[in-house]
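Residue numbers (the numbering used here), protein chains in the order written: chain A, 1107 to 1890; chain B, -6 to 238.
Here is the structure:
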């Protein structure tokens, strides 16, 4: 008896079948389809054991897209291994790549467990049509042809009755975005949205405003001092190489300082953990700036030559004394002063911040405050500091629309002039409920479990119920899919294509490709989108529509982007294209002024005839500068001022701080075992961590009379639930928190009923500058 | 190649469980042959959290091999093989003597390469055959489900698989050191995937001077081939093991 995944799969399937599929009403045809799907997975269909290959692709257990080799035997996935041709999983700087590569690429636990998701017996086996009330779990299986016809028909109806803008479309951000954008634009809806606005868009905006680049990446390996504000890269392991390069820096003597209310696994590895009150990171950063400016420790020449607004900033930070900051942040004054001096006396260093401060109501200004520190000390785009990645990727074809798109429903571009292109989920959700500025009627959710992902779960459920027609595309029957009218089976990443050009500091582009035939016996989602487009007859003025195959579409994107065909990319070692190397201090590179260029003598800004800024004059030379309006690093933002926002990174108390009635901060974090809420039905991963108890500081627990492991009520103004208590020394005494992603009531048999969903307790607001969903800001009370 | 050993770097280990999952997918096991354990201690605001990734220690005196009544285990060490009265060599072939009347031939490729006995010291099964890249042939296993291997191993490494895939599969299982990979010059799956650079397999002789005890692992005899790089800061006295929380 050869033991392989085929047996694993068959057994898991039988177990689940005998366990009863509680909420799904299976009619006969669906039963047949499930049976045939499992037959497919057990490999009985094509058991050609002589076909034994390692195929390169990119992981998609999260958006990190680590390089991966997949062993396929007889049409089944039998194992995975890191693909060291792909820098993602090795390191993020080209100069280190060859050396690090010899020490091996990596995969995280989720990537290693990918096969358990591929053969998850709970996968949606066929297109489903709801036949009971919303949430009843009663479905009938329909054919793919029927599904396409029905979805297209309903979308046509919505468009004719209510106008195309009444379609809300949202997707995860790392999958076939361009074809979905094409569809929305040709349909006429401006409301294409994606995951980023519940991820890191406050970080993006904060950095963009200060530095002109919205996605700087730390050259951690070559750094001597790493200070992280609310970032947990050793456990929230999106980029698999980060633990390796951080540990390499630690081995070489770098100091790691983690500022976080929670003693995360990253804090556990740090030389110093600085517990802080949630949402006050900006005050800590400004108090450090106060010390650095006050003691004259900043880099004078760099600041003079390359920044704007230093005068205003230095006056402004006088108001942020370490003594006052201690009261706000709970970080001792001496610690603040010492950290500031350590930073100022160490080169090179990386300061970075992500979802901790990024998920608060004051997030953008907080990130700006934090970003001001490396600016003061000139630690930007040099080896061992924050680098500005250069990216070359697939390029979306341009479409000529019949008429301009109507304004968006979520206020992006109007109420949110600085919002991110991914939209504003919280506002779209509120528009579903209020009908303002207009009523949405249809929703398409592609790999986006909107109900669980967007803060304020109860509101999300109510909002979705207001839509007349919902399509959910997902591998599992998520909480969002439960409310849908039509569910389309999603493909696993082993079954589909994608082009990935992110997360390194030099241009690289990797191919995700189908390594096995699809288990869903239908079409991958991009084919579905194109089929819908064809069914609806969507075309632009020049007749561009969806008449090609997706391979041809990708081929066009690739040729436009890097001048290479899909076949050529496939033929590269590891199916990865790498070009040039990481470049530093790109702002100093000389540029040629185009003919007729105009130089603004006062600010030194060089503009083309068309008014586009091309560089800045620096000592008789024209150089590139930074991609900000002033071409310099901006302590003070004129852009913000012009739009009536605060131009300096002023601290404002978080809107939803604890109150007398709800006295404890609730925060959430991620760990390596899971991605958001979507890997919770992976048999291997849920086995690693089947629960997310509420962390409570031991002293706080004592005061409240809590006992380790007991179940208590946790309540915020927006929701309450039973939670299991874990008493620990590893959390700020005023804070409680848990691992995000648990608390499913759908998704699959293994995910269901495990742990608590933090989104339930959240107000569900959007950050006022970036539009990011605020997922870590609320007060709660705990009682028995 | 001399005795191989796992080098576990507790200073680097981030507790991510990638090693555990890599092992699982490589050999397609139900049981996690490798396990990452979690420990906490200290006092706010200076708590301590530690992780410890362990599997089989490929002991120089493997107790499992002695305990197993059907002699399923085997150490790839010529000296050790010579010392075992229950392993017989005949015409260049090796046999396990299970009872005076029952012998099983040890497939050559399990213990030999280029006509010479392998010396990597890995403790493997002689009744389960693994392919080059994964999947084992368990059909000839001799596990009689006595559990003596687990009981006699001072570290209780072999464990009972509560859900073997079928009635023909053995109940007690353990890590094989990824010998099919190691023989190809590839690190064991766990070390290969380790994101934190916290797990390696190295010749034991190159690990001289490194500690063989850390919180969560005490030396209990049988000369385990595992060494540790401990965390650098002094540890508090109140360290306890916790579930993965």
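Glycine included, each C-beta is placed from N, C-alpha and C at the ideal position.
Point to revise | Partner residues on chain B for residue 1214 of chain A, Cβ-Cβ distance less than 7 Å | key: Within chain B, the residues near residue 1214 of chain A are 9, 11 and 188.
Exercise for review: Can you tell me the Cβ-Cβ gap for residue 1850 of chain A and residue 1860 of chain A, rounded? I've got them flagged as a contact below 8 Å.
Suggested key: The C-beta separation of residue 1850 of chain A from residue 1860 of chain A comes to about 7 Å, placing the pair in contact by the 8 Å criterion.
Exercise for review: Closer than 8 Å by beta-carbon distance: list the chain A residues that pair up with residue 42 of chain B, in chain order.
Suggested key: Those are 1369, 1371, 1374 and 1836, listed as they occur along chain A.
Check your understanding: On the three-pair Cβ rule with 8 Å, is the segment 1337 to 1347 of chain A touching the segment 1166 to 1173 of chain A?
Key -> They touch, by the three-pair rule.
Check your understanding: Got a sec, what are the start and stop residues for the alpha helix (DSSP H) residue 1080 of chain A sits in?
Key -> Nothing about residue 1080 of chain A can be read from this structure; chain A reaches only from 1107 to 1890.
Practice item. Kindly say whether residue 1149 of chain A, judged by its beta-carbon, lies nearer than 7 Å to any beta-carbon of chain B. Key: Here residue 1149 of chain A scores only 35 on pLDDT, less than 50, and its place in the model should not be relied on; the value that follows carries that caveat. Not one chain B Cβ lies under 7 Å of residue 1149 of chain A.
Practice item. Measure the C-alpha to C-alpha separation of residue 1390 of chain A and residue 1637 of chain A and round it to an integer number of angstroms. Key: Residue 1390 of chain A and residue 1637 of chain A: Cα-Cα distance of roughly 53 Å.
Practice item. Taking all protein chains shown into account, decide if residue 174 of chain B is buried (16 or more other Cβ within 10 angstroms of its Cβ) or exposed. Key: Residue burial is scored here from C-beta neighbours: residue 174 of chain B has at least 16 other C-beta atoms within 10 angstroms and is therefore classed as buried.
Review point. Do residue 187 of chain B and residue 49 of chain B have their C-beta atoms within less than 7 Å of each other?
Key: No.
Review point. What residue range is occupied by the uninterrupted beta strand (DSSP E) comprising residue 102 of chain B?
Key: Unbroken run through residue 102 of chain B is the alpha helix (DSSP H), 101 to 104; no beta strand (DSSP E).
Point to revise | Residues from the segment 1778 to 1792 of chain A in contact with chain B, defined by Cβ distance under 7 Å | key: Residues 1778, 1779 and 1790.
Review point. In the structure shown, what three-state DSSP assignment does residue 1339 of chain A receive?
Key: Under the three-state reduction of DSSP output, residue 1339 of chain A falls in the coil class, being neither helix nor strand.
Exercise for review: State buried or exposed for residue 1706 of chain A, treating a residue as buried only when at least 16 other CB atoms are found within 10 Å of its CB.
Suggested key: Burial call: exposed.
Review point. In this structure, what does DSSP give as the bridge partners for residue 1832 of chain A?
Key: In DSSP, residue 1832 of chain A forms a bridge with A:1801.
**Study point:** residue 237 of chain B: contacting residues in chain A (beta-carbon distance under 8 Å)
**Key:** Chain-ordered, the chain A residues with CB closer than 8 Å to the CB of residue 237 of chain B read 1779, 1794 and 1795.
Check your understanding: What is the residue span of the alpha helix (DSSP H) that residue 1480 of chain A lies within?
Key -> Where residue 1480 of chain A is concerned, the enclosing alpha helix (DSSP H) stretches over 1469 to 1482.
Check your understanding: Taking just the CA atoms, how far does residue 35 of chain B sit from residue 118 of chain B?
Key -> In a straight line, the C-alpha of residue 118 of chain B is about 42 Å away from that of residue 35 of chain B.
Review point. If you pair each beta-carbon of the segment 1739 to 1746 of chain A with each one of the segment 1532 to 1543 of chain A, do three or more pairs fall below 8 Å?
Key: Touching, no.
Check your understanding: Using a C-beta cutoff of 7 Å, does residue 1221 of chain A count as contacting chain B?
Key -> Residue-level contact check: residue 1221 of chain A touches chain B, since one or more beta carbons of chain B fall below 7 Å from its beta carbon.
Check your understanding: Just how far apart, CA to CA, sit residue 1547 of chain A and residue 1261 of chain A?
Key -> Taking the straight line from one Cα to the other gives about 10 Å.
Point to revise | Contacts that residue 164 of chain B makes with chain A (C-beta to C-beta distance below 7 Å) | key: Residues of chain A whose Cβ lies closer than 7 Å to the Cβ of residue 164 of chain B do not exist, since the nearest Cβ in that chain is about 14 Å away.
Point to revise | residue 1191 of chain A at chain B interface by Cβ criterion, 7 Å | key: So, not an interface residue.
Exercise for review: Using a Cβ-Cβ cut-off of less than 9 Å, list which residues of the segment 1333 to 1361 of chain A approach chain B; keep chain order.
Suggested key: Against chain B - using a Cβ distance shorter than 9 Å - the residues of the segment 1333 to 1361 of chain A are 1340, 1341, 1343, 1346, 1347, 1348, 1349, 1350, 1352, 1353, 1354, 1356 and 1357.
Practice item. Starting from residue 1314 of chain A, follow the alpha helix (DSSP H) in both directions and report where the run begins and ends. Key: First-last of the alpha helix (DSSP H) with residue 1314 of chain A: 1307 to 1317.
**Study point:** residue 102 of chain B classed as buried or exposed, judged by whether at least 16 other C-beta atoms fall within 10 angstroms
**Key:** Exposed.
**Study point:** DSSP-derived helix/strand/coil call for residue 122 of chain B
**Key:** If DSSP states are grouped into helix, strand and coil, residue 122 of chain B belongs with the strands.
Review point. What residues in the segment 26 to 57 of chain B bring their beta carbon closer than 9 Å to a beta carbon of chain A?
Key: Residues passing the 9 Å Cβ filter: 29, 33, 34, 35, 36, 37, 38, 39, 40, 41, 42, 43 and 44.
Check your understanding: According to DSSP, is residue 1775 of chain A helix, strand or coil?
Key -> Secondary structure of residue 1775 of chain A (DSSP, three-state): strand.
Check your understanding: In its own chain, which residues sit with a C-beta less than 6 Å from the C-beta of residue 56 of chain B, not counting the 5 before and 5 after it?
Key -> Excluding residues within five positions, the ones whose Cβ falls inside 6 Å are 145, 146 and 215.
Check your understanding: If we count Cβ pairs, one from each stretch, closer than 8 Å, do we get three or more for the segment 64 to 71 of chain B versus the segment 17 to 37 of chain B?
Key -> No contact exists between the segment 64 to 71 of chain B and the segment 17 to 37 of chain B.
**Study point:** DSSP-derived helix/strand/coil call for residue 71 of chain B
**Key:** DSSP, reduced to helix, strand and coil, places residue 71 of chain B within a helical segment of the structure shown.
Review point. Residues in its own chain within less than 6 Å of residue 1506 of chain A by CB, not counting five upstream and five downstream?
Key: The residues 1646, 1647 and 1648, in chain order, have a CB closer than 6 Å to that of residue 1506 of chain A in the same chain once the five nearest residues on each side in sequence are set aside.
Review point. What span of residues does the beta strand (DSSP E) with residue 1407 of chain A cover, start to end?
Key: No beta strand (DSSP E) holds residue 1407 of chain A; the alpha helix (DSSP H) holding it covers 1406 to 1412.
Practice item. Determine, using beta carbons only, whether residue 1173 of chain A and residue 1195 of chain A come nearer to each other than 7 Å. Key: Yes. Within cutoff.
Exercise for review: Step through the CB atoms of chain A and report whether any lies within less than 7 Å of the CB of residue 178 of chain B.
Suggested key: So, not an interface residue.
Practice item. Express the C-alpha separation of residue 171 of chain B and residue 153 of chain B in angstroms, rounding to a whole number. Key: Looking at the two C-alpha atoms, the distance is approximately 20 Å.
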